[in-house]
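First to last, the sequence lines map onto chains A and B. Using this note's numbering, read the first sequence as starting at -17 and increasing by one per residue. Using this note's numbering, read the second sequence as starting at -17 and increasing by one per residue. Beta carbons are placed, not taken as given, at the ideal position from N, Cα and C, and that holds for glycine. Have a look at the structure below, then the notes.
Number of protein chains: 2
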Amino acid sequence: MLRYTLRQVEHAVAIWDHGSVAAASAHLGVAQPTLSASLAKLEEQVGLQLFIRHHAQGVSPSPAGLAFLKEARNLLTHAQDLQRDTLAAGTAVEGQLSLASFATIAPSFVPQLIKTFTSLHPKVTIRMAEGTQDELLRGLRGGDFDLALLYDVDMPEDFAVTPLASFAPHVLLPGKHKLTRLKNVPLIALKAEPFVLLDIAPSRTYFTRILENAGLAPKVAFSSPSLEVVRGLVGQGLGYSILVTRPFGDHSYAGEELAVRPIADEVERGVIALAGLRQMRKTRLVSAFEAHCVDYFRTLPT
Amino acid sequence: MLRYTLRQVEHAVAIWDHGSVAAASAHLGVAQPTLSASLAKLEEQVGLQLFIRHHAQGVSPSPAGLAFLKEARNLLTHAQDLQRDTLAAGTAVEGQLSLASFATIAPSFVPQLIKTFTSLHPKVTIRMAEGTQDELLRGLRGGDFDLALLYDVDMPEDFAVTPLASFAPHVLLPGKHKLTRLKNVPLIALKAEPFVLLDIAPSRTYFTRILENAGLAPKVAFSSPSLEVVRGLVGQGLGYSILVTRPFGDHSYAGEELAVRPIADEVERGVIALAGLRQMRKTRLVSAFEAHCVDYFRTLPT
DNA sequence: AGCGCAGCATCGGTAAATCCTATTCAACGG
DNA sequence: CCGTTGAATAGGATTTACCGATGCTGCGCT
């Protein structure tokens, strides 16, 4: 339990600096009796007489008071530094931003976002994390992240979601598959084909919903939580897949040729969004990054 | 102007440590609504949301809040250290004591006082200063010294004076002086002799007063503010002197023989005292040193 | 020597902050 | 669906912070 206040320390140090209660009073813009009382209270609280009173000639620190005042000034500086840093954190675009991203989204956009944002705001550092939708939401709620880049699917009410862009899903086929001769693939054409499912929440339900809406009961031959593994499985001719994320180059990690075809049907698009906790008051930094993301995605082809 | 209080910081850090307002409330011994309000106020003042509220599940720091809290804990520790040190300074016998001494008294007593006191209280350091009576009083008033060891002569009302011991003045004669055959020297016997005056306030007036009270109009042949110079002058046969301070050994610095004789008359004794500013509230250290001085001088022959 | 001035302390009053108890509200777990 | 947990709100009492006005005391000036 602390027995003195920062205000008292502020007053005492000002009195020290100005050599008198009256001078400090004028400088601080508080009444002289206020300072007098504040000092008397502080002396009582710490059990030390800090100043010697000279009638009509100001005050001077006692030996013990001098020791206190030196340390008190350090404390005051410390407190002022903290205030300055904190006000800056609230109002300036600087400091650290904790950004999380859904694993399959991250490689396509996050490096560019970080690059463009930090070159606009050099005093910002961005800490990255990746995870499943679940982990992202948990992390946002737990205060581990400021923002998360994810698919706007099944978002609970307590998140503030800013849609950034929507992308049409595509069909991924082995390079030599017979359907590759089509420019657009109607989903019904895949009815008999084995399906390779990207098995991460919420993608799993999103992809199966697309197929079911088209009247298919997809035969899930294989599934994996890894985008690259799915592409590898398709590359091996083990089935087709439906994906949103489309890396550069139509080859799997192992080099098998892949074919990407638009879906002929009208289907629900994948909406990439930036999410934050609704109850969180945003710092300037967070708002600025949010605005930057909106800008950035507006420049991209959907 | 600081916009937050140490109390608020104390509360916020406790909430962080305990993971919930309720737990911190129990631990701090303050009501839960008090903490809740205190935290809300702090967040408003610094313009940052520090914690994310989880209904019925406590709170957790936000990313920005975490940065604040880490620094805030440092500040809190700093403030607690200052409080601990200051309370110790007021109540424990430790820290620094600023002691001044009248120049002619210092060599005879101060080293012993410091030695015995610091061996009793090893955590004490003593800073020494010497000066004329005038400088001592000015230093006490200005807060440069805690205490001063001096002669209790002409002490203004605003000093608290603790008499320690009184010493009879003695006559100092050249070793071969004819009066050395007397065991006690009546002052009247010095009537025609040249007088060497130790010329420091207040010693000067004290010595001349002694002679005048005995009906002598002393012929001041030489004077010096230095005790050792006075003894040297007497050693050279240039006159006699009246002194209180009696160094060990009856020789001047230069080696001339000196003779010390008690005064036969009843004369005003020199009173050594410890003085402090009356308005100063004493620390434990100062009181302890004062008591030690009283003890120490009680053991000495007067 | 007296008087004005400078500067700290005290007083009375008001606005604000602090802290309490009691209550409400929202989410989670069984 | 209900009980439990834990934060927020409401209302009220006490304490604190601050102000203006005034008192007090030593210093310097005339």
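Closest option to ILE(-3) (chain B), judged by alpha-carbon separation, among B:PRO15, B:LEU(-16), B:ARG213, B:THR265: B:PRO15. Looking at the DSSP output, PRO176 (chain B) bridges to B:LYS201. By the C-beta criterion, the region 132 to 148 of chain A is judged not to be in contact with the region 161 to 171 of chain A, since fewer than 3 inter-stretch pairs fall below 8 Å. Linking GLY258 (chain A) to VAL92 (chain A) through their CA atoms gives a straight-line distance of about 16 Å. For the 8 Å CB-CB criterion, LEU79 (chain B) and ASP126 (chain B) do not form a contact.
In the DSSP secondary-structure assignment, GLN78 (chain A) is bridged to A:THR107. Around GLN62 (chain B), the beta-carbon contacts reaching into chain A at under 9 Å are LEU(-16). Nearest to GLY72 (chain A) by C-alpha distance, out of B:GLY113, B:GLU26, B:ALA82, B:LYS52, is B:GLU26. Excluding residues up to 5 positions away in sequence, VAL75 lie with their Cβ nearer than 6 Å to the Cβ of HIS103 (chain A) in the same chain. Close to chain A, meaning a Cβ-Cβ distance shorter than 9 Å, are the following residues of the region 257 to 270 of chain B: LEU259, GLN261, MET262, ARG263, LYS264, THR265, LEU267, VAL268. In the three-state scheme derived from DSSP, where H, G and I count as helix and E and B as strand, PRO229 (chain B) is classed as coil. In the DSSP annotation of this structure, PHE127 (chain B) is not part of any alpha helix (DSSP H), being labelled neither H nor E.
Under DSSP, no beta-bridge partner is assigned to PRO89 (chain A). Under the criterion of beta carbons closer than 8 Å, LEU267 (chain A) and ALA147 (chain A) do not qualify as touching, at roughly 22 Å. With contacts defined as CB atoms closer than 8 Å, ARG243 (chain B) and VAL153 (chain B) qualify as a contacting pair. With fewer than 16 other Cβ atoms from the protein chains shown falling within 10 Å of its own Cβ, SER269 (chain B) counts as exposed.
In this structure, B:ASP247 is the residue among B:GLN94, B:LEU48, B:ASP247 with its C-alpha nearest to the C-alpha of ILE192 (chain B). Legend: CB atoms of the region 43 to 62 of chain B lying less than 9 Å from CB atoms of chain A belong to residues PRO43, SER44, PRO45, ALA46, GLY47, LEU48, ALA49, PHE50, GLU53, ALA54, ASN56, LEU57, LEU58, HIS60, ALA61, GLN62. Counted as a single uninterrupted DSSP element, the stretch harbouring VAL(-5) (chain A) is not any beta strand (DSSP E) but the alpha helix (DSSP H) occupying residues -12 to 0. Using a Cβ distance threshold of 8 Å, ILE34 (chain B) and VAL41 (chain B) count as a contacting pair. By the Cβ criterion, the region 115 to 126 of chain A is not in contact with the region 205 to 221 of chain A, since fewer than three pairs of Cβ atoms, one from each stretch, lie closer than 8 Å. In the displayed model, ILE182 (chain B) falls within coil according to three-state DSSP, outside both helix and strand. Excluding five sequence positions before and after GLY47 (chain B), the CB atoms of its chain that fall closer than 7 Å to its own CB belong to LEU30, GLN31, LEU32, PHE33, given in chain order. The count of Cβ pairs closer than 8 Å, one atom from the region 192 to 202 of chain A and one from the region 210 to 220 of chain A, stays below three, leaving the stretches out of contact. Taking C-alpha positions only, ARG(-15) (chain B) is separated from LEU58 (chain B) by approximately 16 Å. For GLY252 (chain A), the enclosing beta strand (DSSP E) starts and ends at 252 to 259.
DSSP places THR68 (chain B) inside the alpha helix (DSSP H), whose first and last residues are 45 to 73. In the three-state DSSP reduction, VAL12 (chain B) falls in the coil class, being neither helix nor strand.
Close to chain B, meaning a Cβ-Cβ distance shorter than 9 Å, are the following residues of the region 70 to 87 of chain A: ALA71, GLY72, THR73, GLY77, GLN78, LEU79, SER80. A Cβ-Cβ distance of about 20 Å is found for the pair VAL178 (chain A) and VAL135 (chain A), leaving them out of contact under the 8 Å criterion. Contact residues of the region 107 to 126 of chain A toward chain B are ARG109, LEU122, ARG123, GLY124, GLY125, ASP126 (C-beta to C-beta distance below 9 Å). In the same chain as ILE96 (chain B), and ignoring 5 residues on each side of it, the C-beta atoms closer than 6 Å to its own belong to ILE108, in chain order. A straight line joining the alpha-carbon of LEU81 (chain A) with that of LYS264 (chain B) spans about 58 Å.
Rounded to the nearest whole angstrom, the C-alpha separation of PHE149 (chain A) and HIS60 (chain B) is 54 Å. For HIS274 (chain B), the enclosing alpha helix (DSSP H) starts and ends at 266 to 280. Secondary structure at VAL211 (chain A): helix, using DSSP grouped into helix, strand and coil.
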